[in-house]
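Heads up, the thing below is written out as structure tokens.
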Amino acid sequence: MLPLARIAKEVGIVLSGANALYAPVALRRDAELEVREEDLVLIYDDRFENYYMLGVLRWVTRYEPFLRRATHNVYIEHPEALNTDIVMPFTNALVEIYAGICDGSPLCGGRQGIDSNIYAPTPSSKVYKLIDASLLTKYLAISKAIHVGVHKYSKWRLPLDVHWVPYHIGVFGATGTGKSRLVLKLVEELSKAGFNLIVFDHSGVDYVPAAKKLGWEVVDANEIVIPPLVFAQTISELMGLSSSSTLKDYVDLATVCYDKLRRGEASNPSTCFQQVSGVVKSGGNKVQKYERWDKQLFREVLAIVARRFGARDHTVYKLTVLLDYYVPDYVFETMNRRSVEPIELVERALEKHVVVVDLSSERNVEVKRAIVASIASSVWSIIYRRLEPIKLGLVIDEAQNYACEYCGNAAKELETVAREGRKWGYFIIVASQRIAKDIRPGIRSNLGTVFFSRLQSRNDLQELAGYLDLGRVTEASLAMLSRREFYVAGLMNPLRRPLLLHIDEVTL
Ligand SMILES: Nc1ncnc2c1ncn2[C@@H]1O[C@H](COP(=O)(O)OP(=O)(O)O)[C@@H](O)[C@H]1O
Ligand SMILES: [Mg+2]
Numbered sequence: 066m067l068p069l070a071r072i073a074k075e076v077g078i079v080l081s082g083a084n085a086l087y088a089p090v091a092l093r094r095d096a097e098l099e100v101r102e103e104d105l106v107l108i109y110d111d112r113f114e115n116y117y118m119l120g121v122l123r124w125v126t127r128y129e130p131f132l133r134r135a136t137h138n139v140y141i142e143h144p145e146a147l148n149t150d151i152v153m154p155f156t157n158a159l160v161e162i163y164a165g166i167c168d169g170s171p172l173c174g175g176r177q178g179i180d181s182n183i184y185a186p187t188p189s190s191k192v193y194k195l196i197d198a199s200l201l202t203k204y205l206a207i208s209k210a211i212h213v214g215v216h217k218y219s220k221w222r223l224p225l226d227v228h229w230v231p232y233h234i235g236v237f238g239a240t241g242t243g244k245s246r247l248v249l250k251l252v253e254e255l256s257k258a259g260f261n262l263i264v265f266d267h268s269g270v271d272y273v274p275a276a277k278k279l280g281w282e283v284v285d286a287n288e289i290v291i292p293p294l295v296f297a298q299t300i301s302e303l304m305g306l307s308s309s310s311t312l313k314d315y316v317d318l319a320t321v322c323y324d325k326l327r328r329g330e331a332s333n334p335s336t337c338f339q340q341v342s343g344v345v346k347s348g349g350n351k352v353q354k355y356e357r358w359d360k361q362l363f364r365e366v367l368a369i370v371a372r373r374f375g376a377r378d379h380t381v382y383k384l385t386v387l388l389d390y391y392v393p394d395y396v397f398e399t400m401n402r403r404s405v406e407p408i409e410l411v412e413r414a415l416e417k418h419v420v421v422v423d424l425s426s427e428r429n430v431e432v433k434r435a436i437v438a439s440i441a442s443s444v445w446s447i448i449y450r451r452l453e454p455i456k457l458g459l460v461i462d463e464a465q466n467y468a469c470e471y472c473g474n475a476a477k478e479l480e481t482v483a484r485e486g487r488k489w490g491y492f493i494i495v496a497s498q499r500i501a502k503d504i505r506p507g508i509r510s511n512l513g514t515v516f517f518s519r520l521q522s523r524n525d526l527q528e529l530a531g532y533l534d535l536g537r538v539t540e541a542s543l544a545m546l547s548r549r550e551f552y553v554a555g556l557m558n559p560l561r562r563p564l565l566l567h568i569d570e571v572t573l
């Protein structure tokens, strides 16, 4: 038997029409003001010994038998005549049943544990509000858990099952709801639980200060090497070339050619793509002037390569004009300062558990995306080398800049991780204000666990409901939330359906 007297308070009874998922309840008068939306409750049905239904109370509604919505009555003109003897208000609510708790009940073969509930509670069954739900933890079959906060009313430190971390995590809410702090908490907890994380700090204010305090390594984004083909993509994005355009092919080829010239694998732009028999000569005939990335030299190489691949004069002209106008010189100059290979950074993260990439030093969002893409793709080469799970996560806050439909290579790489990463323990944590607009479908539909607070856009709740069981959480439930309050829904939540958490204090 659960010690109901100690951990719960009787608040009402089940009414007619209850089923295994929803139970309408009437609240006792003396408990009306004590129950709140989102309270955790137990229903005890006398038919079932040592079996309790666990649920969340929603739709707390006040009624009065005479003051009905669809009828007019005399008191509306004379409200002063309505005194407390005449009105007979009462309160009903709806319990959304999340699970059945077996405490050695014959219904579950004498086991202890939490199952999904398949029984409709009998009307008249008693309903108890949980004041202290900590006892529930022992019924959960979780081998390893992390904690980010407590259930808002029962103060239950909800264990979140780390088994589901590789199925990806999303954090959503309007500005100021506390997303970045929650993500920071997740990073701290996950690193303690043995995961490795690369945190991309878009503006350098959310994670860099914490990293300094907690002893995490910080790498400046402008030190990270961008591979030639990712750089080519960046240039094309800046020039506004669509991915199917042949102009983009010229940019790709020119970038590869320039990289060969830098390395001394070719000696001049017009012979870049000639088949060389035998081993490529390295260093021997390096042409000094190509040693550094330089926009003017790139412009020349681009024109020569484009011509060699059949571009007409007007195409070459268009390419150079777009390059001149849209690609700033510094994009090329900063390429020369880069010395940390993406794979090196990934290896550092595997060794030290958390590495923060400070993206604030990159001025250009296309370059920021290039860095995320380079790192995301280099993880695969380590996976293919080791052929074993690596327990590594990429943490993308302000994900509207990296995971959106038009976020180029970064979004493509993140989508690959979202789709294929889980079997390798390679996962993403994305945080952003909006869901549908900010996160492309291939990414958002693969988020196994979602934390959400007040949302910026009306459609987003519906969007989430498309792939997570949100039960009766509505726009109205979200509007009542304050800062640091998030629902958690999905795989890591042992009850799988939304529970309202108050996130732990996180200081920078
Ligand atoms: N868990 C928390 N602990 C302490 N302060 C918090 C917490 N969550 C939010 N805050 C406060 O709210 C502010 C906004 O939080 P932040 O995580 O930056 O929101 P968001 O990323 O959603 O815009 C923080 O500067 C901090 O003062
Ligand atoms: Mg933030």
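Numbering (our numbering) for the sequence shown: 66 to 573. Here a beta-carbon is modelled for each residue, glycine too, at the ideal position from N, C-alpha and C.
- By the Cβ rule, the segment 435–446 counts as touching the segment 471–483, because three or more pairs are nearer than 8 Å.
- Around the C-beta of Pro-130, fewer than 16 other C-beta atoms lie within 10 Å, and the residue is accordingly described as exposed.
- In this structure, Asp-462 has its CB closer than 7 Å to one or more heavy atoms of ligand 2.
- Counting only the Cα atoms, Asp-324 lies some 26 Å from Thr-481.
- In this structure, Ser-426 lies away from Phe-237, with their beta-carbon atoms at least 8 Å apart.
- Secondary structure note for Ile-448: its alpha helix (DSSP H) is the uninterrupted segment 430–451.
- Note on the segment 451–476: whole beta strand (DSSP E) runs with a minimum of 3 residues are 457–461, in chain order.
- The segment 224–231 makes contact with the segment 206–214: 3 or more CB pairs, one atom from each, lie closer than 8 Å.
- The residue among Ser-542, Val-421, Pro-188, Glu-485 with its C-alpha nearest the C-alpha of Val-283 is Val-421.
- Judged by DSSP in its simplified three-state form, Phe-113 adopts coil rather than helix or strand.
- The segment 193–200 and the segment 167–176 do not touch, with fewer than 3 CB-CB distances between them shorter than 8 Å.
- With respect to Arg-327, Glu-365 sits apart: the two C-beta atoms are not nearer than 8 Å.
- In the structure shown, His-143 adopts coil according to DSSP, grouped into three states.
- Linking Tyr-391 to Lys-383 through their CA atoms gives a straight-line distance of about 12 Å.
- By the beta-carbon neighbour count (other beta carbons within 10 angstroms, threshold 16), Pro-334 is buried.
- Under the three-state reduction of DSSP output, Ser-245 falls in the helix class.
- Rounded to whole angstroms, the gap between the alpha carbons of Asp-359 and Thr-399 is 10 Å.
- Counted as a single uninterrupted DSSP element, the stretch harbouring Ile-151 is not any alpha helix (DSSP H), since DSSP gives it neither H nor E.
- For the options Glu-540, Phe-517, Leu-543, the alpha carbon positioned closest to that of Lys-244 is the one of Phe-517.
- Taken in chain order, the complete beta strand (DSSP E) segments of 3 residues or longer contained in the segment 222–275 are 234–237, 261–266.
- Within the same chain, and ignoring the five residues on either side of Thr-311 in sequence, no residue has its Cβ closer than 7 Å to its Cβ.
- Listed as beta-bridge partners of Gln-177 by DSSP are Asp-168.
- With a 10 Å radius around the Cβ and a threshold of 16 neighbouring Cβ atoms, Asp-104 comes out buried.
- Residue ranges of uninterrupted beta strand (DSSP E) with 3 or more members, entirely inside the segment 486–513 and ordered along the chain, are 491–497.
- If you look at Phe-551, you'll find it isn't in any alpha helix (DSSP H); it sits in the beta strand (DSSP E) that goes 550–555.
- The C-beta distance from Val-121 to Glu-161 rounds to 5 Å, short enough to fall under 8 Å.
- Taken through DSSP and simplified to helix, strand or coil, Phe-131 comes out as coil.
- Secondary structure at Ala-331: coil, using DSSP grouped into helix, strand and coil.
- Counted as a single uninterrupted DSSP element, the alpha helix (DSSP H) harbouring Pro-407 occupies residues 407–417.
- Short of 6 Å from the beta carbon of Glu-478, and not among the five residues preceding or following it, lie these beta carbons of its own chain, in chain order: Ala-438, Ala-441, Ser-442.
- Going by DSSP, Pro-89 is part of the beta strand (DSSP E) stretching over 87–92.
- According to the DSSP assignment, Val-284 belongs to the beta strand (DSSP E) that extends over 282–285.
- In this structure, ligand 1 has a non-hydrogen atom nearer than 7 Å to the beta-carbon of Glu-570.
- By the criterion of a C-beta distance shorter than 8 Å, Tyr-128 is surrounded in its chain by Pro-154, Phe-155, Thr-156, Asn-157, once the five residues flanking it on both sides are discounted.
- With a cutoff of 7 Å, Ser-426 does not count as near ligand 2, since its C-beta is closer than that to no heavy atom of the ligand.
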